[in-house]
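Chemist: Quick note: the sequence shown, position 168, residue 1663 per the working numbering, numbers continuous.
Sharing a structure below in structure tokens format, with a few things to ask.
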Amino acid sequence: MKTCVTVGCLAGSLLAMEAPARSTETVPAPAARRKNSVHADVGLAVLGLAYQRVLHPRVELQLQAQFFSPWFVTPGVGGLGVQLRPYFFLSGSAPEGVYISPFVRAAYVQGRIGEVEGAGPALSAGAAFGQSFLFARRLVVRGGLGLQYLMYEVRSESATAKIRTLYPTIDLSAGIAF
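Okay, structure coming up:
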């Protein structure tokens, strides 16, 4: 009886020691991902140059300098601005997969709204849902659709004109990962 218990304990101990080794061998190593990328953005209201950094396999953060022009609402109004934007990957691993991405944008614009010609601040906030593709581990191509709220104004010496509107947003960018 003692022999059976001892053999059983020894067999159980060996199996317990083998289990972690077996489980780690079956899990594939994560693919080597590039952490940084530079993108050209040609979205609906912007032309921009962006730097992106992978912070986590499912999170990427973007900082972008851009020319902002809501040409589809008020032609002739435009200016320079910046955008901060996280990307949350619902599938895949950053920088590729299905994503949802809120954003906030600030700019200084010039132009004419109605009868008022001048300059002033612009703000935009929204979110997009899209897909990001990675080709040859270097080329990142991204496209998506969403909604944004545009707020901008121009001021002259005697008047101020403001635009506040909800409008679609289109993500379209290509970049190089490094």
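Positions of the beta carbon are idealized from the N, C-alpha and C atoms, including for glycine.
1) In the segment 1619 to 1658, which residue ranges form an unbroken beta strand (DSSP E) of at least 3 residues, counting only runs that do not cross its ends?
2) Between G1538 and the rest of its own chain, which residues show a CB-CB distance below 7 Å, the 5 nearest in sequence each way excluded?
3) I'd like to confirm the pairing. Which residues does DSSP put opposite P1565 in its beta bridges?
4) Who are the near neighbours of F1673 in its chain, counting only those whose CB is closer than 6 Å to its CB and skipping five residues on each side?
5) What is the DSSP secondary structure of P1590, counted as helix, strand or coil?
6) Here's the rule: buried if 16 or more other CB atoms are within 10 angstroms of the residue's CB, otherwise exposed. What is T1569?
7) May I have the straight-line CA-CA distance separating E1612 from S1588, to the nearest angstrom?
8) Would DSSP call E1610 helix, strand or coil?
9) Among G1625, L1640, R1607, Y1662, which has the Cα closest to the Cα of R1650?
10) Using DSSP with H/G/I as helix, E/B as strand and the rest coil, what is G1615?
Modeler: With the given structure in hand:
1) Those beta strand (DSSP E) runs which fall completely within the segment 1619 to 1658 and span 3+ residues are 1634 to 1650.
2) Contacts found: T1664, I1665, D1666, L1667.
3) P1565 is bridged by DSSP to nothing; it lacks a bridge partner.
4) Result list for F1673: R1529, N1531, in chain order.
5) The answer is coil: DSSP assigns P1590 none of H, G, I, E or B.
6) Result: buried.
7) Each residue's Cα considered, the two are about 46 Å apart.
8) It is coil, neither helix nor strand.
9) Cα-wise, what sits closest to R1650 is R1607.
10) Residue state, collapsed to three classes: strand.
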